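Report on the following structure.
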Amino acid sequence: MSVRLGAHMSIAGGVDKAFDRGEQVGCDAMQIFTKNSNQWYAAPLTEETIRRYHQRQSETGIAPVVAHSSYLLNLASPSDELWHKSIDSLVLEMQRCEVLDIRHLVIHPGSHMGAGEEAGIQRIIQALNIAHARLPDTRVKITLEITSGQGDHLGYRFEQIATMIEGVEAGERLAVCFDTCHALSAGYDFRTPEGYAHVFRQFDEIIGLHRLAVIHLNDSLKEPGSRRDRHAHIGEGFVGLDGFRLILNDPRFEHIPMLLETPKSEDMHEDVENLARLRALLQSP
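Numbering follows this note's numbering, with no gaps: position 256 of the sequence shown is 1531.
Written as structure tokens, this is what we have:
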């Protein structure tokens, strides 16, 4: 198996600096924010920044790089002001991905904020259609992440993700991210061979495995079906090593980047340790 393992890396100091950090912890692949995740807007990337980014990617060989959208985005919001700001920010991030040659922008579908799931899903569909219309030629795929369903957040059922994809006019421009913590806390128990086969059979029948483009490898501090989003280090939560072993050694997924989003300190030793645990679970062909 030639799985590309990595982690979410900080872009402090510039997007190109993420490669220094990724190289330090041993990333094959990597996830980044393309801008400050706590701000709506950002100055355009300069030609020099873009050049340095591509140079460092070439030097380190870290690929693919996946982007994660700002947490401010809420494409399901019933507030027109927040909804339009979210669409504008999404389009901005897609443009930044395009110049950095990042093909997948992972987003949380959004929270309906009490308006109801059906209303929220329709807002998401409408927002995605607008974003696609504004950037008809982009190669960037908006990648919908499976969520834990905490609060009013949508995307915790495969059926919800499928409804979003089917409702979007250019559904072929969408992909999906499977997060192990979110899926387990949403009630998809994949920790045994039988459970694993059942969950991914459901995924294939409802969404389609061909849409799976990114996998987030996070253990869960909360129990299956808790609808709580609390990431834990590999092997230290309810997913456990057996759950990760099944995903890591599934030949259907060997081309998909598998990325950590686990807690870490400034020296990032936790990423080193978590990646080592994951690599130890990989079975030789």
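For each residue, glycine too, the CB sits at the ideal point set by N, CA and C.
From a predicted model like this one, the values you see are computed outputs, not experimental measurements.
Classify N1349: buried if its beta carbon has 16 or more other beta carbons within 10 angstroms, exposed otherwise. Its Cβ being crowded by 16 or more others within 10 Å, N1349 is buried.
Proximity to Q1299 [Cα-Cα], best of T1309, V1374 and H1283: Comparing C-alpha distances from Q1299 to each of T1309, V1374 and H1283 shows the shortest one belongs to H1283.
So for K1416, helix, strand or coil by DSSP? DSSP, read as helix, strand or coil, puts K1416 in strand.
Once DSSP output is grouped into helix, strand and coil, what is the label at H1506? strand
Looking only at its own chain, which residues have a Cβ that is under 6 Å from the Cβ of V1255, when we skip the five neighbours before and after it? In this structure the chain extends from 1276 to 1560, so residue 1255 is not present and cannot be described.
So which of G1462, M1369 and E1392 has the shortest CA-CA distance to K1416? M1369
What are the start and end residues of the alpha helix (DSSP H) that includes Q1456? The question names Gln, but residue 1456 is Cys in the sequence shown. That run of the alpha helix (DSSP H) goes T1455 to S1460.
What does DSSP give as the partner residue(s) for H1379 in the beta ladder? Beta-bridge analysis with DSSP links H1379 to K1416.
Continuous beta strand (DSSP E) stretch holding Q1558: start and end: Here Q1558 belongs to no beta strand (DSSP E), and DSSP marks it neither H nor E.
Are there 16 or more other CB atoms within 10 angstroms of the CB of S1354, so buried, or fewer, so exposed? exposed
Under the three-state DSSP convention, the category M1369 falls into: helix
Comparing C-alpha positions only, which one of E1323, D1291 and A1304 sits nearest to A1488? A1304
Check whether the Cβ atoms of I1399 and I1421 lie closer than 8 Å to each other. no
For a test of the three-state rule: what should DSSP assign to A1488, helix, strand or coil? strand
Following the continuous beta strand (DSSP E) through V1340, name the residue where it begins and the one where it ends. V1340 to H1343
Where A1317 falls: helix, strand or coil (DSSP): A1317 carries a coil assignment under DSSP once its states are collapsed to helix, strand and coil.
Reduced DSSP secondary structure (H/G/I, E/B, other) of A1293: helix
For G1297 versus I1325, is the C-beta spacing smaller than 8 Å? Cβ distance not < 8 Å, so G1297 and I1325 don't count as in contact.
According to the Cβ coordinates, are D1427 and H1387 closer than 8 Å? Against a cut-off of 8 Å, the Cβ pair of H1387 and D1427 comes out as a contact.
Helix, strand or coil at S1423 [DSSP, three-state]: If DSSP states are grouped into helix, strand and coil, S1423 belongs with coil.
Return the CA-CA distance between V1335 and H1508, expressed in angstroms with no decimal places. Reading the sequence as shown, one finds Thr at residue 1335 and not Val. Whole-angstrom Cα-Cα distance: 26 Å.
Compute the beta-carbon to beta-carbon distance between A1406 and G1385, rounded to the nearest angstrom, for a pair I have assumed lies under 8 Å. Not a contact, Cβ separation roughly 13 Å.
Is S1460 close to chain B, meaning its C-beta is less than 8 Å from at least one C-beta of that chain? Note that chain B does not occur in the displayed structure, where there is just one protein chain.
Quick check on DSSP: helix, strand or coil for I1482? Residue state for I1482 is assigned as coil, using DSSP reduced to three classes.
Taking Q1314 as the reference, which of A1445, S1333, L1367 and N1524 has the closest Cα? Of A1445, S1333, L1367 and N1524, the residue nearest in Cα terms is L1367.
Please name the residue in P1468, R1432 and Q1401 whose C-alpha comes closest to that of V1443. Q1401
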